[in-house]
Structure formats: structure tokens, C-alpha cells
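Structure, as C-alpha cells:
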Amino acid sequence: MIPDPSTGGTQIVPPVGVSYRAPRKKGRNIGDVLFKNSTLLFAGIVFSLVFLMTWEMYSGSRLSIEKFGWNFLASSTWDPVQDQYGSLPFIFGTVVTSLVGLAIALPLSLGVAIFLSEIAPRWLAQPFSFLVELLAAIPSIVYGMWGVFVLVPWMRLHGQPFLSKTLGFLPLFKGVPYGFGMLTASVILAIMILPIITAITRDVLQSIPNLQREAALAIGATKWETTKIILANARSGIVGATLLGLGRAIGETMAVTMVIGNRPEISASLFNPAYSMASVIANEFTEATSDLYISSLIEIALLLFGVTILLNILARLIVWSVSKKFRTA
Amino acid sequence: MARQKFIWRKSKNIIMTTLCFVSVLIAVAPLFLICFYTLKQGISAINLDFFIRMPKPVGETGGGMANAIVGTGILLGLGCLFGLPVGILSGIYLAEYGENPFGHSVRFLTDVLSGIPSIVVGVVAYVIVVLPMKHFSALAGGVALGILMIPTVTRTTEEMIRLVTQSYREAALALGIPQWKTTLRIILPTALKGITTGILLSIARAAGETAPLLFTALGNRFWSTSIMQPIGSLTVFIYDYTKAPFDDWNRQAWAAAFILISLIIILSIIFRFVTRNRTA
Chain U
1 MIPDPSTGGT QIVPPVGVSY RAPRKKGRNI GDVLFKNSTL LFAGIVFSLV
51 FLMTWEMYSG SRLSIEKFGW NFLASSTWDP VQDQYGSLPF IFGTVVTSLV
101 GLAIALPLSL GVAIFLSEIA PRWLAQPFSF LVELLAAIPS IVYGMWGVFV
151 LVPWMRLHGQ PFLSKTLGFL PLFKGVPYGF GMLTASVILA IMILPIITAI
201 TRDVLQSIPN LQREAALAIG ATKWETTKII LANARSGIVG ATLLGLGRAI
251 GETMAVTMVI GNRPEISASL FNPAYSMASV IANEFTEATS DLYISSLIEI
301 ALLLFGVTIL LNILARLIVW SVSKKFRTA
Chain B
1001 MARQKFIWRK SKNIIMTTLC FVSVLIAVAP LFLICFYTLK QGISAINLDF
1051 FIRMPKPVGE TGGGMANAIV GTGILLGLGC LFGLPVGILS GIYLAEYGEN
1101 PFGHSVRFLT DVLSGIPSIV VGVVAYVIVV LPMKHFSALA GGVALGILMI
1151 PTVTRTTEEM IRLVTQSYRE AALALGIPQW KTTLRIILPT ALKGITTGIL
1201 LSIARAAGET APLLFTALGN RFWSTSIMQP IGSLTVFIYD YTKAPFDDWN
1251 RQAWAAAFIL ISLIIILSII FRFVTRNRTA
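The listed protein sequences derive, respectively, from chains U and B.
For the record, in the first sequence the residue sitting at position 251 is 251 according to my numbering, with numbers rising by one throughout.
Start counting at 1 in the second sequence, then tack on 1000, and there's your number in my numbering.
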């Protein structure tokens, strides 16, 4: 460092052999500044969107939040005539169908992800990956239609009678097989969330270094024993994928609305019709007459939003930390 | 003893491999079932009337969904108007300048945003647009679709720009071209094919959205092109016609579903091919 007489400060002397040019503050291209800042502005819009959404829904539901408080979550009265609202039956329906759907989808997704990442050769894995991705591209409404016209009749005539014959001693599978109900909704949900769990699990498995596989195979492990080691490494990534799938299931609207039966009841049997949080918003929003009614529906949306956002943040952080760990390793 | 154990391990290996393959078959079976069924019902239901006629009153057979097709088009146009500028420009920001804490958090929030249920986005559009205007409108539906499109458009734009070889950028900068011109004239045109198909795919997916339209665009059985009035859309028609107890309405619902599904599948396949050529 030598003193710079013109500014009174110090001037940085470049090391020998490295060309050096002082940063041109004034001469910086005006286009660059404009372009960077305008893209920055739009990135800022994306950034603020989540907060804007939270605020708008909070202000929309304030009426109901102030009137019912926490009781909104615990009460099962949903009575537009008396203007009394409690969301327990909807929460019940959403939680049960999502968890049952997850229980069906998880083992299948793991199987598919293992097949795509560990077992299948590239030429076979690629088309199958694409097919699974296509499953995610089918619109929810088409799933719902297929559910109404194909799955519901099948469940009523074959699926549910079979279950009540074989597992009918469980309270889960008792009752009249209507076809419409929580079980059918869960099956549809399972089909719909399978792609996302599979895709993320597959990515996590693929991010694990081949060294692990080679080491296991070298000491004589079979393919399956190797896979078990890989799975143990990918455990937290799989948890993340599961949480993402759960978030999808909780927010799924059209397909569930069309097959769940839409009756705000809490019952033990999966054959019975129920109602979900997303379905009640879809069905009753346009019919809601009083301000409190609308406000209660917006509060349910806010609940859905909060839960899915938390699940997503948690899941993304887990998946991100796992893949980062192996990328740097 | 050792031999027995070996056989047991071997057979366990075979059993688990088979189970994995079986789960693949179970997983893709619904895809084929749904596509097959939609194809079967849709092909026989589709005719010229479907595209050029208006819905008939309850009880009369025939008619079509001309207004819903136009309505879906208008809603998508509005969605693009709101969603594409935000999506594309923030995608450019993330790819070109996004390696800082702000960029990382935007990236994170787009991922989170893509996991938000579409019905919630509909409720937000309702609060922002319908409540102040006091009536349902195509505009509100467009806002909802626009918000839904943002995450995919942003991430596709970013990823497609990142796929462009670094040497292009270096060559342009070495010639003394300013960075913004490099991005606009060299990088974007190179990535254009991927970005366009990615955007088309996200538009096709938005065309399949129903939940956010139910109480924003509402639906309309009559001809309307005004963005301030409720407007019909294919998906809301599918929903109404599926619930209706008329065979002819159910038939038309299948026709609409068939159009949607073919649109999405064809675009997905094109997108797949475009991106594969690029990465290879």
C-alpha cells in the first residue's frame, strides 16, 4: 500500500503479473444498472408475494378470528343459519384422508424411487421417470372425474365389499359401502401425491455418492443390502419428500371434493362420507351470504396456507441440507 | 449353514427387486387407466359442435362449449399478462445476479410458493380483486392463474438460462458487449426454445386449474368476453357437467377433459425433448 496523493487515501498495488484496473464507478454502463434493477424489482415482487398473501388472508378472516378465537378449531358446529362456525369436521376429513393417502403412497413411492435410481438401467429409468412425472401433470379435475365415473363405482362394487369381508373386524372398514367417502378420496390422493414423493426421493438417492454403493458391493453385499445402506443415508431426505407429499395432499381440492361425499361428519369408518377443508371452501364460497360466513371460509384458507407453508419450508430445508451435504462431501 | 444364508440373501434380493418393479407398475397403472378412459369417452364425445356451439339449456341435448373455450383463452391471456413478466424477469435475476442471500431467499420462496394449494391462491384473488369490485370477474380469475404460474415460470427461466454454456457469455463480454446486452441478445435467444416450451407447459397446467376459478371467474353459460364480468372456463364446465345427472352433459365433460389432457401431455413430451437435447 502506498499513499495516493490525489485522494489522500491508499491505493492498492496489484500483484506482479495480474492486470489491474480500478473499478469505474462513473463509467458503469447505464443499461447494466437499469437492467439489473428492473429484474431485481420483479424478483422483489416474487419475494413479497408470500407476505402479501398472508396479510390479505389475515385481514379477510379477522372477523371470524376475533369472534371465535381458538374455538374455531375445536368446534364442530357449522351452521350458516345461526352464523356459528367451527372447522373441526373439515380438519378431521383433511387430516384423515391425507394421512391414509400418504400411507398408501409412501411405500409405493419408495419402491418406484429405488427402482428408478438403483435398479433400472438408464434406458429403462428415463421413460418410467417421465411417466411418473406425467402423472403429476394430469389436472386435478380430471382425476376427480375419473374418480366419480370409474373409481367410485369400482370401490362400491368391489373394493369396499372386499375390504369389509377381509378386514371388516376393524372399525376402519365397517359400514355401508357408498363408494363416495374418505377411503376413495385417500386412494385418489395417493395417486396424486405419488409423483412428487417419488421424484424427490429419487433425486435424494441419486445425490448420494457412488462410493457408498461401490464400497458396499465390494464387501459382498447384494444389491438390496446396498440399497438399504443408501436408504439409511437418504433417510432425512425421504422425510422431506414425505412432508412435501403431505402438503400436496392437504391442499388438494377438486378431486377430493368430487369423491369425498361432502358431509361434515366425524366417523371412524373410512367408508363414510366426510368433508375436507379445501372442499368446503370450493363448495360454499360462492353461496356464503353473511360477512362472518365468508370470513370463516377465508380463515380455513388461512389455516391451509399456514400448514402447507410450514410443511414446505420444513421439507425444503431438509431436502436442501441433505443434497448440500453430499454435494460438498 | 453359510450356504443357506447365502441363498436367503440372494432370494431376498430378488424379492425386493420384484416388489420395486411391481410398485412401478402399480404407480403408472392409474396414468394409463385415466388416459385410456378419457380417450375412450372423449373421442366419441368430441365433434365440431363442441367447439363452435354454445351450451344448450337444461334438458336439451347437443350444444358445445364455445364460450368456455374462449373463456379459458381469455383467462390464460390475463394470467400470462400478470404472471409472465414477473416470472421471466425474476428468473433472469436469479440466473444472472442471484448468487446472494436475497437471490437464495427468492429461490426458496418460489419453491414454497409452488407448494401452496391452488384453492388458497383463489381465495387470495377473491380478497384482492372480487371484494373491492363487489362482483366476480374474469380479471380475478386471471390474477389467480397469474400467481399460480409465477413459480414454474421463474424456475424454468432460471434453469434454462443456466444451461447456456458459460463460454458464450465470456465470448460476448470479451468483445466488450455490456452485460445486459449479452443477457438479452446472446443468452436469452440461446435459451429461448427451452423457456418457451417451459412457459407453454405452465400455461397448459394453468388451463387445467379449477379450484382457483370457482369463486373468482365463477363460470358463465353465456357468451362473454368482458374481463369485468364472470366468464366460463373448460374446467369449471367439467366440474358442473360431471356433477349433473344428464348423460349428454357428462359426455361433454369427457370431451373437455380429453382436450385438456391431450394439450398437457403433448406439451410435456415436447418440453421433455427440448430440454433433453439441451443437456446432452
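Glycine included, C-beta positions come from ideal geometry on N, C-alpha and C.
Alpha helix (DSSP H) containing Val-50 (chain U): first to last residue?
Unbroken alpha helix (DSSP H) run through Val-50 (chain U): 30-68.
Closer than 7 Å by beta-carbon distance: list the chain B residues that pair up with Arg-362 (chain U), in chain order.
As shown, chain U starts at 1 and ends at 329. That puts residue 362 (chain U) outside it, with no answer to give.
Counting only beta-carbon atoms, is Ala-1066 (chain B) nearer than 8 Å to chain U?
Answer no: the Cβ-Cβ gap between Ala-1066 (chain B) and chain U never drops below 8 Å.
How about Ile-313 (chain U) and Val-1112 (chain B): do their beta carbons lie closer than 8 Å?
Cβ distance < 8 Å, so Ile-313 (chain U) and Val-1112 (chain B) count as in contact.
Starting from Asp-79 (chain U), follow its DSSP beta bridges and name the residues at the other end.
According to DSSP, which records beta bridges pairwise, Asp-79 (chain U) is partnered with U:Gln-84.
Any C-beta of chain B sitting closer than 8 Å to the C-beta of Pro-139 (chain U)?
By this cut-off, Pro-139 (chain U) is an interface position.
Short of 7 Å in beta carbon distance, which residues of its chain neighbour Trp-146 (chain U), apart from the five on each side in sequence? Order them along the chain.
None.
Over what stretch of residues does the alpha helix (DSSP H) that includes Ser-276 (chain U) continue unbroken?
Counting along the chain, Ser-276 (chain U) falls outside any alpha helix (DSSP H), and DSSP gives it neither H nor E.
When DSSP labels each residue in this structure, what does Gly-159 (chain U) get in the three-state scheme?
Residue state, collapsed to three classes: helix.
Chain B partners of Asp-32 (chain U), CB-CB under 7 Å?
Those are Pro-1178, Gln-1179 and Trp-1180, listed as they occur along chain B.
Provide the residue(s) that pair with Leu-1218 (chain B) in DSSP beta bridges, ordered along the chain.
Note: Leu-1218 (chain B) sits in a beta bridge opposite B:Ile-1231.
Take the Cβ of Trp-980 (chain B) as the centre, count every other Cβ of all protein chains shown within 10 Å, and call the residue buried at 16 or more, exposed below.
Chain B is shown from 1001 up to 1280; residue 980 (chain B) falls before or after that span and cannot be answered.
If contacts are defined as beta-carbon pairs under 8 Å, then Pro-1230 (chain B) and Phe-1082 (chain B) qualify, I think. What distance do you get, rounded to the angstrom?
About 18 Å separates the two Cβ atoms, so there is no contact after all.
For chain B, is any of its Cβ atoms less than 8 Å away from the one on Val-150 (chain U)?
Taking Cβ atoms only, chain B reaches closer than 8 Å to Val-150 (chain U), which makes this a yes.
How far does the alpha helix (DSSP H) with Ile-208 (chain U) in it reach, from first residue to last?
No alpha helix (DSSP H) holds Ile-208 (chain U); DSSP gives it neither H nor E.
Inspect the CB distances between the segment 102-118 of chain U and the segment 187-201 of chain U and report whether three or more fall short of 8 Å.
These segments touch.
Select from U:Leu-110, U:Met-53 and U:Arg-316 the residue whose C-alpha is nearest the C-alpha of Cys-1020 (chain B).
Closest option to Cys-1020 (chain B), Cα to Cα, is U:Leu-110.
Please classify Met-1133 (chain B): is it buried, with 16 or more other beta-carbons within 10 angstroms of its beta-carbon, or exposed?
Under this definition Met-1133 (chain B) is an exposed residue.
Return the residue from the list U:Gln-126, U:Ser-75, U:Lys-324 and U:Ala-190 that minimises the CA-CA distance to Ser-236 (chain U).
Per the Cα distances, U:Lys-324.
Of all the CB atoms in chain B, is at least one closer than 8 Å to the CB of Met-53 (chain U)?
Answer yes: the Cβ-Cβ gap between Met-53 (chain U) and chain B drops below 8 Å somewhere.
Distance cutoff 8 Å, beta carbons only. Does Leu-1076 (chain B) sit that close to anything in chain U?
Answer no: the Cβ-Cβ gap between Leu-1076 (chain B) and chain U never drops below 8 Å.
Keeping to the same chain, check which residues put their C-beta closer than 6 Å to that of Ala-1191 (chain B); ignore five residues upstream and five downstream.
Taken in chain order, the residues that qualify are Met-1160, Ile-1161 and Val-1164.
Is there a Cβ from chain U that is less than 8 Å from the Cβ of Ala-1280 (chain B)?
Low local confidence applies: a pLDDT of 39 at Ala-1280 (chain B) is under 50, so the model's placement there is unreliable, with the coordinate-based value given in what follows. It does not; no Cβ of chain U falls within 8 Å.
Counting only Cβ-Cβ distances shorter than 8 Å, please list the residues of the segment 122-146 of chain U near chain B, keeping chain order.
Cβ contacts with chain B: Phe-128, Phe-130, Leu-131, Val-132, Glu-133, Leu-134, Leu-135, Ala-137, Ile-138, Pro-139, Ser-140, Ile-141, Val-142, Tyr-143, Gly-144, Met-145 and Trp-146.
What did DSSP end up calling Pro-1055 (chain B) once you bin it into helix, strand or coil?
Strand, per DSSP.
Can you pull the chain U neighbours of Cys-1080 (chain B), defined as C-beta to C-beta under 8 Å?
Result: empty, since nearest Cβ-Cβ is about 15 Å, beyond 8 Å.
Under 9 Å Cβ-Cβ, which residues of chain B neighbour Trp-70 (chain U)?
Within 9 Å Cβ-Cβ: nothing; Trp-70 (chain U) doesn't reach chain B, min ~21 Å.
Using a 10 Å radius around the Cβ and a threshold of 16 neighbouring Cβ atoms, would you call Val-81 (chain U) buried or exposed?
It is exposed - the Cβ of Val-81 (chain U) has fewer than 16 other Cβ atoms within 10 Å.
If we define contact as Cβ-Cβ less than 8 Å, is Lys-324 (chain U) a contact residue for chain B?
For Lys-324 (chain U), the answer is no, since every Cβ of chain B falls outside 8 Å of its Cβ.
Which term fits Ile-1269 (chain B), buried or exposed, when burial requires 16 or more other beta carbons within 10 angstroms of its beta carbon?
With fewer than 16 other Cβ atoms within 10 Å, it is exposed.
Establish whether the CB of Thr-1156 (chain B) and some CB of chain C are separated by less than 8 Å.
The structure shown contains no chain C; its protein chains are U and B.
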